[in-house]
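Shown next, in structure tokens, is the structure this report addresses.
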Amino acid sequence: MRRSHARNRVESKSKSTTNPQKMDPIKLQIRSNSRSTALFSRNSRQTKPIPSFIAVSIAISLALFAFIYIVFFSSKGSVKYGIIIDGGSTGTRIHVIRYRVDGGKNPVFDFKEGLDSLRVNPGLSAYAEDLAGPGYSLKELLEFARRKVPKKQWGETEIRLMATAGMRLLDDEVQERILEQCRKVLRVSGFKFRDDWASVITGSDEGVYAWVVANYVLGTLGGNPLHTTGIIELGGASAQVTFFSNEPMPSEFSRSIKFGNITYSLYSHSFLHFGQNVAHESLRASLVKGDFSPGMFQCISFLPKFAGSKVLEEV
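With full-length UniProt numbering applied, the sequence shown covers 1 to 315.
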């Protein structure tokens, strides 16, 4: 029996017409730091900013970055698969990525044919009071993945779950309870999984993931750090600002990643409660209560024009 609150599904296929690309040989080196994630460490090196920004919202940023990471530690062969579950604030998305690894261990993939995605609503954070909910929502996504990955390759196909700002809004105990329900399902999924592959990532690292993807698409990874592009990623519950910098940075916002012989010292700051959906909810609550801050609508008005009167009520 299907749950009434996990019904909305959006299945997508990448529409890009970009030809398959080969990436220059890249070796990921990681500096250890107890306060950073397994992929990134904070760096005390100072950099000078080249503040070139693009306002972006990358729905599959986590999927693509994790794909790049997995590929560089894969052995060469024919067609391979990677699976990423993006636990966003408004929905949970699964991305099944098909790729090849050439003789130089470079990823070769086709955005048009090599990416399949499915989304279910609501996000994992909505199951704070429902113990069975997280596992149930994942089962539907896993069935989708099993249809995309040949059964003989299930055991070698890594599957990872990365939850973002929606989960960060919850207490640590609630986060862990939801994650453990997800792990129970992923352990018996048939795919390659470890418990630490299901986690709530930090806001700063979420920004770094988006930065890596944006610069990978732009072709600036592996080159001069000054030629990279900063990003502003707008999520549902948070917004991330990430860019290369040579200026002194607070340690909590400093990240260091290395591709080949190039080290990128990044400033990455996540602003919780500044996501698109949280902003809409805050505006709606203010409209209902009639509680407006001075200058709230001075910049941009999102209110539609209409004739007559209109009443906004709680639903």
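Note that CB positions come from ideal geometry on N, CA and C, so glycine has one too.
In this text the structure is predicted, and so the values were computed from the model without any measurement.
Quiz prompt | Range covered by the beta strand (DSSP E) that runs through Tyr127 | solution = The residue given as residue 127 occupies position 127 in the sequence shown. Unbroken run through Tyr127: none, as it is neither H nor E.
Quiz item: In terms of alpha-carbon separation, which member of Thr202, Leu131 and Ser78 lies closest to Ala165?
Solution: The residue given as residue 165 occupies position 165 in the sequence shown. The shortest C-alpha separation from Ala165 is found at Thr202.
Quiz item: What are the boundary residues of the alpha helix (DSSP H) that includes His280?
Solution: Working through the sequence shown from its first residue, we reach residue 280 at position 280. Start and end: Gln276 to Lys289.
Quiz prompt | Residue-level contact to chain B via CB, Glu281, 7 Å cutoff | solution = Given the protein chain composition of this structure (a single chain), no chain B is represented.
Quiz item: Which partner residues does Met162 have in the DSSP bridge list?
Solution: Here the question's residue 162 lines up with position 162 in the sequence shown. The partner list for Met162 (beta bridge, DSSP) reads Asp86 and Ser199.
Practice problem: If I'm right that Arg93 touches Ser125 with Cβ under 8 Å, what's the distance once you round it to whole angstroms? | Solution: Position 93 of the sequence shown, counting from 1, holds the residue named residue 93. Position 125 of the sequence shown, counting from 1, holds the residue named residue 125. At roughly 14 Å, the Cβ-Cβ gap does not stay under 8 Å, so Arg93 and Ser125 are not in contact.
Practice problem: Round the Cβ separation of Asp127 and Ile178 to the nearest angstrom and send it over; I've been treating them as touching at under 8 Å. | Solution: Counting from 1 along the sequence shown, the entry for residue 127 is found at position 127. Counting from 1 along the sequence shown, the entry for residue 178 is found at position 178. It should be noted that the sequence gives Tyr, not Asp, for residue 127. With a Cβ gap of about 6 Å, Tyr127 and Ile178 count as contacting.
Quiz prompt | Cβ neighbour criterion (16 or more within 10 Å) applied to residue 319 | solution = Residue 319 is absent from the structure shown; the chain starts at 1 and stops at 315.
Quiz item: Roughly how many whole angstroms lie between the Cα atoms of Phe243 and Gly219?
Solution: Mapped onto the sequence shown, residue 243 falls at position 243. Mapped onto the sequence shown, residue 219 falls at position 219. When rounded, the distance between both Cα atoms is 16 Å.
Exercise. Taking 7 Å as the cut-off, decide whether the C-beta atoms of Trp154 and Gly190 are in contact.
Key: For this step, residue 154 is matched to residue 154 along the sequence shown. For this step, residue 190 is matched to residue 190 along the sequence shown. In contact: Trp154 and Gly190 (Cβ atoms closer than 7 Å).
Practice problem: Let me know the secondary structure DSSP gives Phe193 once reduced to three states. | Solution: For the purposes of this step, residue 193 is taken as the residue at position 193 of the sequence shown. Three-state DSSP puts Phe193 in coil, outside helix and strand.
Quiz prompt | Distance between Ser268 and Thr37 (C-alpha atoms, nearest Å) | solution = Within the sequence shown, the letter at position 37 stands for residue 37. Within the sequence shown, the letter at position 268 stands for residue 268. Reliability fails at Thr37, whose pLDDT of 37 lies under 50, so the model's placement of it is uncertain and the value that follows must be treated cautiously. Rounded to whole angstroms, the gap between the alpha carbons of Thr37 and Ser268 is 13 Å.
Self-check item: Supposed contact pair Ser89 and Gly235 - C-beta distance, whole angstroms, cut 8 Å
Solution: Here residue 235 refers to the residue found at position 235 when the sequence shown is read from its first residue. Here residue 89 refers to the residue found at position 89 when the sequence shown is read from its first residue. That belief holds up - the Cβ atoms of Gly235 and Ser89 are roughly 7 Å apart, short of 8 Å.
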